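Novice: Structure incoming, see below.
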Amino acid sequence: TTNFMSTGRCAMGFSPPGCWKGIFLDGVSRRDENGTVLWEPKTADGAYAEPYRLQPFGSLSVYDRSTGQMELCNTKLCPLAEVIPARGHVSDDDRASILPATALEGQLINRAPFYWSGGLGTLIRKSADEEVKNMLWDFFVYINSPATSVQDVAAYASWIDSWRHSQLTADGDNFVVASTWSEESYAEHRSAMEKSLGTNSNGALNLRIPGIKDYTHTILAAEMGKFIAGDISVTELVSLVRTGWNDISNSRSVVIQLRTYRAALGKDALSESQLCALHREAMDLVDIRVCRAYDVEDSLYEFVLTIIAIVIGCILLILFLVWVIRTFRMKKRLQAEQDMQLWDTVRESLDTVGSLKFPMVLVGVQKFMSLGSLTQHEILRDHHRGKDSDLMFIDNFEDLEDLLYEIRIIFLSHQWLGWRVPDSRKVQYNCACLGVQQLIEQLDWPLDNTFVWVDYSSIPQRCTAVQMLAITSLPVYSSMVSAFIVVAPASIHDDTHSPCDLQSYSSRAWCRAEVLSHALTKGIAKMYYASEDGLVHCDMGGMMRDAMYVFEGELTCCRMKHAESDICDRQHLVVPFLGLYSFVVHSLAMNKDLQMEESTVEFFNQIMANRERIFPATFKYVTAAGVSDRKLFE
7 TTNFMSTGRC AMGFSPPGCW KGIFLDGVSR RDENGTVLWE PKTADGAYAE PYRLQPFGSL
67 SVYDRSTGQM ELCNTKLCPL AEVIPARGHV SDDDRASILP ATALEGQLIN RAPFYWSGGL
127 GTLIRKSADE EVKNMLWDFF VYINSPATSV QDVAAYASWI DSWRHSQLTA DGDNFVVAST
187 WSEESYAEHR SAMEKSLGTN SNGALNLRIP GIKDYTHTIL AAEMGKFIAG DISVTELVSL
247 VRTGWNDISN SRSVVIQLRT YRAALGKDAL SESQLCALHR EAMDLVDIRV CRAYDVEDSL
307 YEFVLTIIAI VIGCILLILF LVWVIRTFRM KKRLQAEQDM QLWDTVRESL DTVGSLKFPM
367 VLVGVQKFMS LGSLTQHEIL RDHHRGKDSD LMFIDNFEDL EDLLYEIRII FLSHQWLGWR
427 VPDSRKVQYN CACLGVQQLI EQLDWPLDNT FVWVDYSSIP QRCTAVQMLA ITSLPVYSSM
487 VSAFIVVAPA SIHDDTHSPC DLQSYSSRAW CRAEVLSHAL TKGIAKMYYA SEDGLVHCDM
547 GGMMRDAMYV FEGELTCCRM KHAESDICDR QHLVVPFLGL YSFVVHSLAM NKDLQMEEST
607 VEFFNQIMAN RERIFPATFK YVTAAGVSDR KLFE
């Protein structure tokens, strides 16, 4: 059959799918002794027409046990039937879309993919040497592992067809690239196999009971041969197969065969009373005493059982009603508690916008540009022991608001280039100094009244508890400064050796948080990007679009699967960003009075339009044990 298909002498073949892999790999053609193609199937445009993968055959009619007749499929008789499309078997836009529409379009067809082989078995002899057993076990694991089987099943090296979803990858590299299938053939093959292997495939299995060869070969195959040859009618065929199968079942015990068959289908065994009602004769052959126990008819006994059942039913109904009432009250109480928690969160968010959990620490711009590198907070703090300190501490929000009338603050935002030291090669420091110098010249700010905020110098690095207070105040810091500079020159991370630039900066959640915090309160008028080439003004381009989606950014705590803390940094950002969002809503409402710049109004409108994504209801919380959903802004 395969040879007839490979030379184009058959238009259609019906066989186990593994038989046809050679057809898809080598194609259909007729060649002379030199291998020159004499003929091959072609499409209208002259291109080679590859074989088309069909779904398993189906029937428009099925046997209705209630009537004993073949009936047309409907949703009740054929719950897993599918509607026949106008063309093709795989999808609406496959290669069959050029064919004329079928007259059966819209009718229901009942397909039942036949899992014909039942699988191939392997075994290891119990008495074999341990070394041999271990070797064979490793071999079985190897050939069945996805890494091996995914390739072998796609190639003709393995006769068998796909039996795992993992062997039918979405991109189909194992078929298309490794085994020279075309993308169209693989897409059709994958679609047909996914439907056949799916949970709603209506698959038909071989009988999985003792004596299967007697049932299928000795009886069924022999009688089917007579029917195909025209020696017997379909009625005689059914009668002969039924008689033959009953003889086999009786010889092996109907009860045992039925128990085995139901177990193979995953069904519970029938009780003795059910077996006696359905198969009394077979049960009597096993033990005539069993069914006699169920023959006694005692009307009083049945009446008592009925009364007991009614009483139990009433008790259960009362218990159910009590449970419903209690559940309803509990839900109301929980809803009230959740509403109270929500209002507490809203109030806290509004308070957070106007408060500092840790002082805002600034470095004079002249001092910063004379340091020669990014310098640790504690070194600057202890340099003069409180006398002529290199740092300015602003203890509360009100002082910060007052100082902004007298001084200018530049917020330097950057991605650390090492796990312990942020800028060991001074790449970012030099870039920051260049950007700060250009900004001061552009805006004509006095040097003695201009200060810099940068995390390594402004946040404690040695005391973790105090450090966390400063980190959670980051959105407030960045929202209050006079100007904002993203420092992101091209460089390499000291530890991961991965490239660090504006793209990697924009992927970090905390970097996005700093950018968005400033943009939400001050707009983007004084937001800049500093690279080795100098200072560039930020617009509504890629970085600002990414910055809006803070909670989609990458976080170290998630990468470490929250091994050191049960709380994700995303949860720490909820309260401050609720407060900042309230500022956006208020600003848009008061736009005429505030006279905001056009770019800021555009950015605020983008925030409002995308608020469902910017403030997601939930997020994926990752631990070593797995992934779960946690609430954010729900």
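Using this note's numbering, read the sequence shown as starting at 7 and increasing by one per residue. The beta-carbon is built from N, C-alpha and C at its ideal position, and this holds for glycine as well. This structure is a prediction, so every number in the text was calculated from the model and none was measured.
#1: Nearest to Tyr69 by alpha carbon, out of Lys82, Leu60 and Tyr58?
#2: Suppose contacts are defined by Cβ-Cβ distances below 8 Å. Is Phe457 in contact with Val371 by that definition?
#3: Roughly how many angstroms separate the alpha carbons of Arg295 and Arg248, rounded to a whole number?
#4: Between which residues of its own chain and Val628 is the CB-CB distance below 8 Å, once the five residues before and five after are set aside?
#5: Which residues mark the beginning and the end of the beta strand (DSSP E) in which Ala536 is found?
#6: Out of His383, Trp329, Thr224 and Val34, which has the shortest C-alpha to C-alpha gap to Leu397?
#7: On a CA-only basis, which of Arg468, Gly74, Val607 and Gln61 is nearest Arg93? Give me that one, please.
#8: So, do the region 487-495 and the region 536-553 have three or more beta carbon pairs nearer to each other than 8 Å?
#9: What whole-angstrom Cβ distance do Arg576 and Leu561 have, given they're in contact under 8 Å?
#10: Give a yes or no on whether the C-beta atoms belonging to His499 and Leu423 are separated by under 8 Å.
#11: Threshold first: 4 residues or longer. Then list the alpha helix (DSSP H) segments lying entirely within the region 178-236, N to C.
#12: Tell me the DSSP secondary structure of Glu604 in three-state form.
#13: Taking Val369 as the reference, give the member of Ser463, Asp135, Lys432 and Asn9 with the closest Cα.
#14: Suppose the cutoff is 7 Å on Cβ atoms and the five residues either side in sequence are ignored; what does the same chain contact list for Ser510 look like?
#15: Label Gly559 either buried or exposed according to how many other C-beta atoms from any shown protein chain fall within 10 Å of its C-beta, with 16 as the threshold for buried.
#16: Assign Leu174 to one of two classes, buried (16 or more other C-beta atoms within 10 Å of its C-beta) or exposed (fewer than that).
#17: I'd like to know whether the C-beta atoms of Leu485 and Lys528 end up nearer to each other than 8 Å.
#18: Alpha carbon to alpha carbon, what distance is there between Ser277 and Asp237?
#19: Between the C-alpha atoms of Cys297 and Cys79, what's the straight-line distance to the nearest angstrom?
#20: From Ser35 to Phe10, what distance separates their C-alpha atoms?
#21: I need the boundaries of the beta strand (DSSP E) containing Val492, first residue and last residue.
#22: Consult DSSP for His383 and reduce its assignment to one of helix, strand or coil.
#23: Are Leu362 and Ser479 close, meaning C-beta to C-beta below 8 Å?
#24: Should Asp388 be labelled buried (16 or more other beta-carbon atoms within 10 Å of its own) or exposed?
#25: Does the distance from the CB of Arg258 to the CB of Gly217 come in under 8 Å?
#26: I'd like to confirm the pairing. Which residues does DSSP put opposite Val628 in its beta bridges?
#27: Gln434 and Pro495 - do their beta-carbons sit closer together than 8 Å?
#28: My output table needs one value for Leu449: the three-state DSSP class, helix, strand or coil.
#29: Could you give the residue range of the alpha helix (DSSP H) that holds Gln577?
#30: Please give the ranges of any alpha helix (DSSP H) in the region 393-431, keeping only runs that are unbroken, at least 4 residues long and fully inside the region.
#31: Give the secondary structure of Asn116 by DSSP, where H, G and I count as helix, E and B as strand, and everything else as coil.
#32: Am I right that Gln113 and Ile130 are in contact with their C-beta atoms under 8 Å? What's the rounded C-beta distance?
#33: With three or more C-beta pairs closer than 8 Å as the rule, is the region 206-224 touching the region 261-273?
#34: Name the DSSP bridge partner or partners of Tyr69?
#35: Comparing C-alpha positions only, which one of Pro57, Leu453, Val556 and Met18 sits nearest to Glu190?
#36: Go to Thr266, then tell me how far its alpha helix (DSSP H) extends in each direction, as first and last residue.
Specialist: In short:
#1: The shortest Cα separation from Tyr69 among Lys82, Leu60 and Tyr58 belongs to Lys82.
#2: It is a contact, given that the beta carbons lie within the stated cut-off.
#3: Separation of Arg295 and Arg248 (C-alpha to C-alpha, rounded to the nearest whole angstrom) is 29 Å.
#4: Correct list, in chain order: Cys564, Lys567 and His568.
#5: It spans Met533 to Ser537 - the beta strand (DSSP E) in which Ala536 sits, taken as one unbroken run.
#6: Taking only the C-alpha atoms, the option nearest Leu397 is His383.
#7: For Arg93, the nearest C-alpha among the options comes from Gln61.
#8: With three or more CB-CB distances shorter than 8 Å, the region 487-495 counts as touching the region 536-553.
#9: Cβ-Cβ separation between Arg576 and Leu561: approximately 7 Å, consistent with a contact (criterion under 8 Å).
#10: Contact: yes.
#11: Look at the region 178-236 and you find these whole runs of alpha helix (DSSP H), each 4 residues long or longer: 179-182, 189-203 and 228-234.
#12: Note: Glu604 maps to helix in three-state DSSP.
#13: Measuring from the Cα of Val369, the nearest candidate turns out to be Ser463.
#14: Apart from sequence neighbours up to five positions away, the residues of its chain that approach Ser510 with a beta-carbon distance below 7 Å are Gln421, ordered along the chain.
#15: Classification for Gly559: buried.
#16: Burial call: buried.
#17: For the sequence presented, residue 485 should be read as Ser rather than Leu. Cβ atoms of Ser485 and Lys528: closer than 8 Å.
#18: If you take the alpha carbons of Asp237 and Ser277, they lie about 43 Å apart.
#19: Looking at the two C-alpha atoms, the distance is approximately 39 Å.
#20: Distance between the alpha carbons of Ser35 and Phe10: 10 Å.
#21: Residues Ala489 to Val493.
#22: Annotated three-state conformation of His383 is helix, per DSSP.
#23: The answer is yes: Cβ separation under 8 Å.
#24: Under this definition Asp388 is an exposed residue.
#25: Contact: yes.
#26: According to the DSSP secondary-structure assignment, Val628 is paired through a beta bridge with Val633.
#27: In terms of Cβ geometry, Pro495 and Gln434 form a close pair [threshold 8 Å].
#28: Note: Leu449 maps to helix in three-state DSSP.
#29: Unbroken alpha helix (DSSP H) run through Gln577: Asp575 to His578.
#30: Fully enclosed alpha helix (DSSP H) runs of 4 or longer: 403-409.
#31: Secondary structure at Asn116: strand, using DSSP grouped into helix, strand and coil.
#32: At roughly 51 Å, the Cβ-Cβ gap does not stay under 8 Å, so Gln113 and Ile130 are not in contact.
#33: They touch, by the three-pair rule.
#34: According to the DSSP secondary-structure assignment, Tyr69 is paired through a beta bridge with Met76.
#35: When each option's Cα is compared against that of Glu190, the closest is Pro57.
#36: First-last of the alpha helix (DSSP H) with Thr266: Val260 to Ala270.
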